[in-house]
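Chains as they are written, first to last, in this note's numbering: chain A, 268 to 443; chain B, 268 to 443.
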């Protein structure tokens, strides 16, 4: 099985990316601290044609060399916006008809394996700070909570891994 | 939706983890350079009860403070072994009946969304170096190649994100 060369991968140009139909999924980063994690989320968002990323509160914005190290240029393509308040953007998205779910361990959460996106509906997933997770204030105004089931000794996944996992799950559940 | 406290998450003790039934999945890291990535893979492997991790070639081993930063103690639970040659461990696993697949972009690869693990079969997924990917020499002796379909401008995902995504995919396709 010969490994493909980069030029054989048929990746999109930046111009083609901009006009491509996106997945109906927005990622909201609620006060994420690690620049590596932010960059890595951009790279995954590029790969799966995510609609937009909201960088909230202390979440750093491009351009930044440590975001670039893991994003590898994906910040040039994926639409993003920095906002101060995560709660404000959650409410704005909801008024636009977007269903907003924190990825978090809560009472009455839906386990990711049982989650089924409604057809023709837009979703936003909120991923939280590395230590504190998504803030309770934000969770309180979200539609529902989505929980990644976990069976080991630790309390949570790395935030860029968790983002990759929910994006892939959304992709396979909504692909034509 | 009240956020759960750590003590409400019913995570396993190290003792319970060790005797828990594992997923029939082994992760092989082929010359992975980043200590962050290695630690992050350990954390995901803990969450989904991965059988074992092989750290090959230049892939660093615990204990190491930069692995610990992202593994957060998962290296104490998940079984792991360092081996010099990735090819040697691939061949050893194959003689034990394990089906070994690089996660890589190759000719005749199987797209991850179409992959269906056979029941009662053990698998090993090989993830490669951040720049060079899985070496061609290793790919040549693997059973098949598994490719994560990607639709953006970049050539690959971050390696800890790719690992999380294939582990989640394996989990939902094999859960009882």
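We put the beta carbon where it would ideally sit given N, CA and C, even for glycine.
In the DSSP annotation of this structure, the continuous segment of the beta strand (DSSP E) that includes residue 292 of chain B starts and ends at 290 to 297. Listed in chain order, the positions of the region 298 to 323 of chain A with a beta carbon within less than 7 Å of a beta carbon of chain B are 303, 307, 310, 311, 313, 314, 315, 316. If you check each beta-carbon in the region 371 to 387 of chain B against every beta-carbon of chain A, the ones closer than 9 Å belong to 371, 372, 373, 374, 375, 376, 379, 380. Assigned with DSSP and collapsed to three states, residue 307 of chain B falls in helix. Residues of chain A whose Cβ lies closer than 8 Å to the Cβ of residue 392 of chain B do not exist, since the nearest Cβ in that chain is about 14 Å away. As DSSP reads the structure, residue 348 of chain B sits in a beta bridge with B:321.
Chain-order list of chain B residues neighbouring residue 406 of chain A: 268, 270, by C-beta distance under 7 Å. With respect to the C-alpha of residue 269 of chain B, the residue from A:284, A:432, A:413 having the closest C-alpha is A:413. In terms of CA proximity to residue 388 of chain A, A:291 leads the group A:286, A:295, A:291, A:287. Look at residue 387 of chain A here: in three-state DSSP terms it is coil, with no helix or strand label. In its chain, beyond the 5 residues on either side, 379 have a beta carbon closer than 7 Å to the beta carbon of residue 436 of chain A. The CB of residue 351 of chain B never comes closer than 7 Å to any CB in chain A; the least such distance is about 22 Å. If you draw a straight line from the Cα of residue 358 of chain A to the Cα of residue 366 of chain A, it comes to about 10 Å.
Contact check for residue 301 of chain B against residue 408 of chain B fails: the beta carbons are separated by 9 Å or more. Around the C-beta of residue 373 of chain A, 16 or more other C-beta atoms lie within 10 Å, and the residue is accordingly described as buried.
Here the region 427 to 434 of chain A makes no contact with the region 339 to 358 of chain B; the two share fewer than three CB pairs at distances below 8 Å. Across the set B:345, B:312, B:370, B:428, the C-alpha of B:370 shows the shortest separation from the C-alpha of residue 401 of chain B.
Take residue 429 of chain B, set aside five residues on each side of it, and the residues of its chain with a beta-carbon closer than 7 Å to its own are 370, 394, 415, in chain order.
Close to residue 412 of chain A, with beta-carbon spacing below 9 Å, are these residues of chain B in chain order: 268, 270. Identification of chain A residues near residue 344 of chain B by a Cβ-Cβ cut-off of 8 Å yields 419, 420, ordered along the chain. Per DSSP, the beta-bridge partners of residue 366 of chain B are B:390.
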